[in-house]
Amino acid sequence: MALLNWTAEAFGTHITAADEEHKVIFDMVNTLNDTVDSGDRAEIGKQLDGLIAYVAGHFKTEEDLFDAHGYPGADAHKKLHAELVNTCLDVQKKFHVGAIDITGDTCVFVKDWLYNHIPNHDKHYGPYLNEKGVG
587 MALLNWTAEA FGTHITAADE EHKVIFDMVN TLNDTVDSGD RAEIGKQLDG
637 LIAYVAGHFK TEEDLFDAHG YPGADAHKKL HAELVNTCLD VQKKFHVGAI
687 DITGDTCVFV KDWLYNHIPN HDKHYGPYLN EKGVG
């Protein structure tokens, strides 16, 4: 059973690129969660690295849109992104040196972050960017 379930009602921003990338992130977290259950450390590392790289790219896509269209909430939003990236990079580093394991709790942390961030922050940029012609 999937840990994360994307629905347009709960998570749709009305920005096609963001929504499509959010769906991919949800799928990647679900895959990581399934891999954690398998206990295959090498595969967990591969999935973790891929997820972090994809999320960093997604954040850049969002932030480029903010900058291109003068989104007034950009600075606060970028700060939230930077905080998550820094946390993820710390976890990634510790995992790869064997200091920690990635567990189901790690995936739940990511789920909780996304389930808070998208509805409470990402959905706010949708109407603004829509008014600027981004859809």
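Each residue of the sequence shown is one higher than the last, beginning at 587 in the working numbering.
In this text, a Cβ means the ideal position worked out from N, Cα and C, and glycines have one as well.
- Of all C-beta pairs linking the region 624-635 to the region 669-688, three or more are shorter than 8 Å, placing the two stretches in contact.
- Taking a C-beta distance under 9 Å as the contact criterion, Y711 and E669 do not qualify as a contact pair.
- In this structure, F652 and H663 form a Cβ contact; the two beta carbons are roughly 7 Å apart against a cut-off of 8 Å.
- The shortest C-alpha to C-alpha distance from I688 to any of A604, D623, D613 and A596 is the one to D623.
- A buried status is given to T599, since no fewer than 16 other beta-carbon atoms sit within 10 Å of its beta-carbon.
- For L670, the uninterrupted alpha helix (DSSP H) run begins and ends at A660 to H682, by DSSP.
- Here DSSP, grouped into helix, strand and coil, assigns W592 to coil.
- In this structure, L700 places its C-beta atom within 9 Å of the C-beta atom of I611.
- CA-to-CA, the gap between G656 and L715 works out to about 9 Å.
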